[in-house]
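Trainee: Chains F and V, in that order, are what the protein sequence lines are. First residue of the first sequence? That's 19 in our numbering, and the numbers climb one at a time after it. First residue of the second sequence? That's 19 in our numbering, and the numbers climb one at a time after it. Each residue gets a CB set at the ideal place from its N, CA and C atoms; glycine is no exception.
Protein chains: 2
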Amino acid sequence: MVVTKDVAGGPARARLREVAELAGVHPSTASRALSGSRAVRPDVAAAVQRAAEKLDYRVDPIGRALRGERTGTVGMVVPDIVNPFFPAVVQAVERALHADGRSLFLCDASNDVRVEAERIEALLDRRVDALIISPVHQYDSAPAVRRAASRVRLVQVDRSCVGVGCDFVGADQAEAMRLLIRHLVDNGRRNLAFVATDDSISTVSERIVAYEQHAPNVRSRRRVFRGDLSVEWGARAVDMILQDPRQTPDALICANDLIALGALKQLRTRGCQVPGNIAVTGFDDTPFGVLSEPELTSVRQPVQQIADEAVRMLGLTRPRSTPMAGRRLVLHPELVVRGSSAAPA
Amino acid sequence: MVVTKDVAGGPARARLREVAELAGVHPSTASRALSGSRAVRPDVAAAVQRAAEKLDYRVDPIGRALRGERTGTVGMVVPDIVNPFFPAVVQAVERALHADGRSLFLCDASNDVRVEAERIEALLDRRVDALIISPVHQYDSAPAVRRAASRVRLVQVDRSCVGVGCDFVGADQAEAMRLLIRHLVDNGRRNLAFVATDDSISTVSERIVAYEQHAPNVRSRRRVFRGDLSVEWGARAVDMILQDPRQTPDALICANDLIALGALKQLRTRGCQVPGNIAVTGFDDTPFGVLSEPELTSVRQPVQQIADEAVRMLGLTRPRSTPMAGRRLVLHPELVVRGSSAAPA
DNA sequence: ATGAAAGCGCTAACAG
DNA sequence: CTGTTAGCGCTTTCAT
């Protein structure tokens, strides 16, 4: 007689029942022995352990999830995986969770609030123990985030939604802007401009407010250009700005490194010296900022710290924490000065 | 009397039982009406539909998964989410799946075969319907990939493992290398060097073979430098290469854009003209290649097509396909010529 | 065409 | 300390 392998699915994974059988105990005893939820006689526990190892048993998270228990997985939704800042955040979160023996399921919202809502629901359906989310839109993402927070532990990272009273970890955007402005002014810049985005992104919004408050003069304060977080927008913004030569600022604060790199390139194309004529700064300190010529001054967000604190806030070890706690943990950003903002000769 | 909201979890999602109750039928009938697995009287079907909509019912994938049915989710494991090529692939796959109404759960292996194996297992445990994977290591990833392929539909994208007989979609790396070499030779380059990686990455391995076969002379063929897919390696490789001035090549083929950008920067730092003294080319045509000065010549992989074909190969609509089919779909890469490889003056 | 019942894998509550 | 029982939500037999 030939032993036929299951064509459709390979060797099936061992079930708890089989472990129990091999150990000569009832499944519930095996369950207790493996999870440690109740005391079990030491020799029985050992027998179960051995049986489990022999059969390469791993508890089925689906069965456990159906029962309403923890699944050991965390979901994460990022607004745009193609923006190199978010892979860095993802990696940091993975690292933080990994230390904890949990796995991360990641989804990309493609900058679309509807996709974001779908992904959140899909993760909740899969019974993730918690959700880490950087919302696409500070207003339009709010309903989905609030709903999710009412069903599971949730921490917002980097970006946040207004009016949803749930936890958040991120950097102090106003402080970041103050650091930038002071640095530029200290280097003799007077006519600033902020190449920003519309109001949808909370971090940029906060920077705009700080910019309008702290920029050195009225003309600078009024010079806020709204686009998106892309290289293309950086280039287009430069075209707009250079249109009126008398008005040309001597410093461009860009809302992220992508915009700044696009601006740098376009300035070079148009024959404008950086930092000679115009200083340029970015945000996020992505790995690509050091590749440009000159290297890009930027503001580094403490990504690993944000990730660590987010995971800590989820409180996955504690039995039950109140959801929607509304804590806000705001960390210090760090100005990284490079050539693109040096004082003009 | 006050209606108290469930503090721990918000309003629970409607269950099939409640839908059935509201429609005045048995749960099994409701199930049939919703899934269409068996015929149901039209008026009953309509009533169930209405009840489901009213209660905002969505079938619980956990319950369904426990029954052994499809879950409507696909898992993906990428070797390194921080490498900007992979976010692009992820986005393309998301797009392809989204058109199909499925959601993607993504995991990052952090270039670590052990992490990769864990992530694969975690995804299988969660009963994904299929797996899309770009293996970290062409040899060391093989056992995990093979195991996974025996349990679920699996397609390898971009990279692959040797000796696992399962489906693959990617670009023709040998053709890519031939295109590059011909282009460089056509522009008068004779002394080539390949800044590559070790043998762990299948795509690079294939390029090395093609390079050693097609490079224009023996000296060029021997000049293969092995490091990793990083900006830092690109810079270090340039230092090594410039050490012996008599041996300096006039063209550097780099195994990806990150290496090429690092090389470009270091060449600039060391006062070496590109493309005047040395041509530089990359791979993957990431968005950052156009930001350098000069812009980077690269090879574009047909990312969206790879993703579309991978999803099609998964055959999620077909009832049951044989796993481990071992089909290999090899698509044409496209040479994107830019300034970094122009003919020297 | 529909209802009843069984069971996917697991663990909490309840006896003993 | 351990076995029994029940049931999470769903679908799929098997009977009507």
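1. For E327 of chain V, which option in V:G307, V:V348 and V:A343 has the closest C-alpha, if you only look at C-alpha atoms?
2. Output, in chain order, the set of chain F residues within a Cβ distance shorter than 8 angstroms of A83 of chain V.
3. Tell me which residue opens and which closes the beta strand (DSSP E) that Q174 of chain V is part of.
4. Is the Cβ-Cβ distance between A278 of chain F and G300 of chain F less than 8 angstroms?
5. Can you give me, in chain order, the residues of the region 234–263 of chain F that have a beta carbon less than 8 angstroms from any beta carbon in chain V?
6. Cutting at 7 angstroms between CB atoms, please list the residues of its own chain near F306 of chain F, excluding the five before and the five after it.
7. Rounded to whole angstroms, what is the Cα-Cα separation between E184 of chain V and L52 of chain F?
8. So for F306 of chain V, helix, strand or coil by DSSP?
9. Assuming D304 of chain V contacts V355 of chain V under a Cβ cut-off of 8 angstroms, what Cβ separation, rounded to an integer in Å, is found between them?
10. By Cβ distance below 6 angstroms, which residues in the same chain neighbour A253 of chain F in space, the five residues on each side in sequence not counted?
11. Determine whether the Cβ of F212 of chain F lies closer than 8 angstroms to any Cβ atom of chain V.
12. Beta-carbon within less than 8 angstroms of G42 of chain F's beta-carbon, same chain only, minus the 5 sequence neighbours each way: which residues are those?
13. Taking the Cβ atom as the reference point for each residue, do A30 of chain V and V37 of chain V lie within a distance shorter than 8 angstroms?
14. Please say whether P293 of chain F and P312 of chain F have beta carbons closer to each other than 8 angstroms?
15. Going by other Cβ atoms of all chains shown within 10 Å of its Cβ, with 16 needed for buried, is H44 of chain F buried or exposed?
16. Just by C-beta distance, which residues in the region 124–147 of chain F are closer than 9 angstroms to chain V?
17. Whose C-alpha, out of F:A110, F:Q109 and F:R171, is nearest the C-alpha of L332 of chain F?
18. When the distance is taken between beta carbons, is H232 of chain F closer than 8 angstroms to I271 of chain F?
19. Give the secondary structure of L349 of chain V by DSSP, where H, G and I count as helix, E and B as strand, and everything else as coil.
20. Rounded to the nearest angstrom, what separates L124 of chain V and E224 of chain V at their Cα positions?
21. To be precise: take each residue of the region 56–75 of chain V, compare its Cβ to all Cβ atoms of chain F, and keep it if any distance is under 9 angstroms. Which residues remain?
22. Return yes when the Cβ of D176 of chain V is within less than 8 angstroms of the Cβ of G188 of chain V, no when it is not.
23. Return the CA-CA distance between A160 of chain F and G344 of chain F, expressed in angstroms with no decimal places.
24. If distances are taken between C-alpha atoms only, which option among V:G90, V:D217 and V:E134 comes closest to Y157 of chain V?
25. Among the candidates V:A135, V:R145 and V:A69, whose CA atom is the shortest distance from the CA of H155 of chain V?
26. Cβ closer than 8 angstroms: which chain F residues qualify as neighbours of R330 of chain V?
27. Any Cβ of chain V within less than 8 angstroms of the Cβ of F301 of chain F?
28. Taking I138 of chain V as part of the alpha helix (DSSP H), name the residues at either end of that continuous run.
29. Determine whether the Cβ of R286 of chain V lies closer than 8 angstroms to any Cβ atom of chain F.
30. Let me make sure I understand the geometry here. Which of F:R241, F:L282 and F:A273 has the alpha-carbon closest to that of D262 of chain F?
31. For A114 of chain F, which residues in the same chain have their Cβ closer than 7 angstroms to its Cβ, ignoring the five residues on either side in sequence?
32. For P79 of chain F and A63 of chain V, I'd like the C-alpha separation in whole angstroms.
33. For a test of the three-state rule: what should DSSP assign to A325 of chain V, helix, strand or coil?
34. Just checking, does the region 128–147 of chain V make contact with the region 66–73 of chain V on the three C-beta pairs under 8 angstroms criterion?
35. Could you tell me whether any Cβ in chain V is nearer than 8 angstroms to the Cβ of S310 of chain F?
36. Rounded to whole angstroms, what is the Cα-Cα separation between G245 of chain V and E87 of chain V?
Mentor: Taking the coordinates as given:
1. Within the second sequence, residue 327 of chain V is the residue found at index 309, counting from 1. Closest by alpha carbon: V:V348.
2. Residue numbering aside, residue 83 of chain V sits at position 65 when the second sequence is read from its first letter. Here the neighbours are I80.
3. Numbered from 1 along the second sequence, position 156 holds the residue referred to as residue 174 of chain V. Looking at the DSSP string, the run of the beta strand (DSSP E) that includes Q174 of chain V is R171 to V175.
4. Residue 278 of chain F sits at position 260 when you count from the first residue of the first sequence. Residue 300 of chain F sits at position 282 when you count from the first residue of the first sequence. In this structure, A278 of chain F sits near G300 of chain F, with a CB-CB distance shorter than 8 angstroms.
5. V249
6. Translated into positions along the first sequence, residue 306 of chain F becomes position 288. Correct list, in chain order: P102, D275 and L279.
7. Numbered from its first residue, the second sequence carries residue 184 of chain V at position 166. Numbered from its first residue, the first sequence carries residue 52 of chain F at position 34. The sequence given here has Cys at residue 184 of chain V, not Glu. Whole-angstrom Cα-Cα distance: 35 angstroms.
8. Counting from one through the second sequence, the residue named residue 306 of chain V turns up at place 288. Looking at F306 of chain V - three-state DSSP - the assignment turns out to be coil, as it is neither helix nor strand.
9. Counting from 1 along the second sequence, the entry for residue 304 of chain V is found at position 286. Counting from 1 along the second sequence, the entry for residue 355 of chain V is found at position 337. Before going on, a small fix: residue 304 of chain V reads as Thr here, not Asp. About 16 angstroms separates the two Cβ atoms, so there is no contact after all.
10. Taking the first residue of the first sequence as 1, we reach residue 253 of chain F at position 235. If we look at A253 of chain F and ignore the five residues flanking it on each side, its Cβ neighbours are G280 and Q284.
11. For this step, residue 212 of chain F is matched to residue 194 along the first sequence. With its beta carbon at least 8 angstroms from every one in chain V, F212 of chain F lies outside the interface.
12. On the first sequence, residue 42 of chain F is found 24 positions in, with the first residue counted as 1. Closer than 8 angstroms at Cβ, skipping near neighbours: A65.
13. Position 12 of the second sequence, counted from the start, is the residue given in the question as residue 30 of chain V. Position 19 of the second sequence, counted from the start, is the residue given in the question as residue 37 of chain V. Not a contact, by the Cβ cut-off of 8 angstroms.
14. Residue numbering aside, residue 312 of chain F sits at position 294 when the first sequence is read from its first letter. Residue numbering aside, residue 293 of chain F sits at position 275 when the first sequence is read from its first letter. It is a contact, given that the beta carbons lie within the stated cut-off.
15. In the first sequence, the residue the question calls residue 44 of chain F occupies position 26. That one is exposed.
16. L124, C125, D126, S128, V133, E136, R137, E139, A140, L141, L142, D143, R144 and R145
17. On the first sequence, position 314 is the one that residue 332 of chain F refers to. Cα-wise, what sits closest to L332 of chain F is F:R171.
18. What you label residue 271 of chain F is simply residue 253 of the first sequence in a count that begins at 1. What you label residue 232 of chain F is simply residue 214 of the first sequence in a count that begins at 1. Contact check for I271 of chain F against H232 of chain F fails: the beta carbons are separated by 8 angstroms or more.
19. Taking the first residue of the second sequence as position 1, residue 349 of chain V is located at position 331. In the structure shown, L349 of chain V sits in a strand (DSSP, three-state: E or B).
20. For the purposes of this step, residue 124 of chain V is taken as the residue at position 106 of the second sequence. For the purposes of this step, residue 224 of chain V is taken as the residue at position 206 of the second sequence. Those two C-alpha atoms are separated by around 27 angstroms.
21. For the region 56–75 of chain V, there are no residues whose beta carbon sits under 9 angstroms from a beta carbon of chain F.
22. Residue mapping note: residue 188 of chain V aligns to position 170 of the second sequence, counting from 1. Residue mapping note: residue 176 of chain V aligns to position 158 of the second sequence, counting from 1. Yes.
23. Here residue 160 of chain F is taken as the residue at index 142 of the first sequence, counted from 1. Here residue 344 of chain F is taken as the residue at index 326 of the first sequence, counted from 1. Counting only the Cα atoms, G344 of chain F lies some 14 angstroms from A160 of chain F.
24. Here residue 157 of chain V refers to the residue found at position 139 when the second sequence is read from its first residue. The shortest Cα separation from Y157 of chain V among V:G90, V:D217 and V:E134 belongs to V:D217.
25. For this step, residue 155 of chain V is matched to residue 137 along the second sequence. Taking only the C-alpha atoms, the option nearest H155 of chain V is V:A135.
26. For this step, residue 330 of chain V is matched to residue 312 along the second sequence. The contacting residues do not exist; R330 of chain V stays about 20 angstroms from chain F at best.
27. Reading the first sequence from its first residue, position 283 is the one you call residue 301 of chain F. Chain V contact via Cβ: absent.
28. Taking the second sequence and counting its residues from 1, one reaches residue 138 of chain V at position 120. In this chain, the alpha helix (DSSP H) harbouring I138 of chain V covers V131 to D143.
29. Locating residue 286 of chain V in the second sequence gives position 268, where the first residue counts as 1. Yes, its Cβ sits closer than 8 angstroms to a Cβ of chain F.
30. For the purposes of this step, residue 262 of chain F is taken as the residue at position 244 of the first sequence. Nearest option by C-alpha distance: F:R241.
31. By one-based count along the first sequence, residue 114 of chain F stands at place 96. The answer, listed in chain order, is A325, D326 and V329.
32. Here residue 79 of chain F refers to the residue found at position 61 when the first sequence is read from its first residue. Here residue 63 of chain V refers to the residue found at position 45 when the second sequence is read from its first residue. Cα to Cα, the separation comes out at about 33 angstroms.
33. Locating residue 325 of chain V in the second sequence gives position 307, counting from the first residue. Helix, per DSSP.
34. no
35. As a working mapping, residue 310 of chain F is identified with position 292 in the first sequence. With 8 angstroms as the cut-off, S310 of chain F counts as an interface residue toward chain V.
36. Your numbering for residue 245 of chain V matches position 227 in the second sequence. Your numbering for residue 87 of chain V matches position 69 in the second sequence. Distance between the alpha carbons of G245 of chain V and E87 of chain V is about 45 angstroms.
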